[in-house]
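Undergrad: In mature numbering (1 follows the signal peptide of the UniProt record, and there is no 0), the protein residues as written are -19 to -1, 1 to 142. Where a beta carbon is used, it is the ideal one built from N, C-alpha and C, also for glycine. My questions will all concern the structure given below.
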């Protein structure tokens, strides 16, 4: 009987611990529907106790066949818009598809398939809210998570003589 009581207590505590770790994400239906020619892309990351020590960098881009030696950059603008009545924001990327590149001559370099991106955007990490980005249908979004070190450093003081 004692064993059964112990097992029930253990299972109950385990379920409570797991339930506390589950974070319900914001309902995406509160965000507007994409405009014609656009799609909604969502970045969702897990919540942690150290969300304030992390950042997310995302880039909008497209796979393209390019030459083998130059650097390429997608032209476009990323607008931050407010989700009225909710206090959240979302992003809209607009582009005409133009790409800039360096102009090195490389006639012998083989062509390559490259994910050509626009200027990356750095935003706060928030495991409780999604990052919603509207992009043209033929574009994609990649992201990286940056984490700060635990240790902090002191800046040197310059003394004027």
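From the DSSP output, in three-state form, read off residue 79 for me.
TA: Looking at residue 79 - three-state DSSP - the assignment turns out to be coil, as it is neither helix nor strand.
Undergrad: Do residue 124 and residue 39 have their C-beta atoms within less than 8 Å of each other?
TA: Against a cut-off of 8 Å, the Cβ pair of residue 39 and residue 124 comes out as a contact.
Undergrad: Between which residues of its own chain and residue 141 is the CB-CB distance below 8 Å, once the five residues before and five after are set aside?
TA: Correct list: empty, nothing qualifies.
Undergrad: Leaving out five residues before and five after residue 81 in sequence, what residues of the same chain have Cβ atoms less than 8 Å from its Cβ?
TA: Once the five neighbours on either side are set aside, the close Cβ partners of residue 81 are 53, 54 and 56.
Undergrad: Could you check what DSSP says for residue 121 in three-state terms: helix, strand or coil?
TA: Strand, per DSSP.
Undergrad: Any idea if residue 27 is buried or exposed, counting beta-carbon neighbours within 10 angstroms, 16 or more meaning buried?
TA: When all chains shown are included, residue 27 counts as exposed.
Undergrad: Based on Cα-Cα distance, which residue from 42, 49 and 44 lies nearest to residue 90?
TA: Cα-wise, what sits closest to residue 90 is 49.
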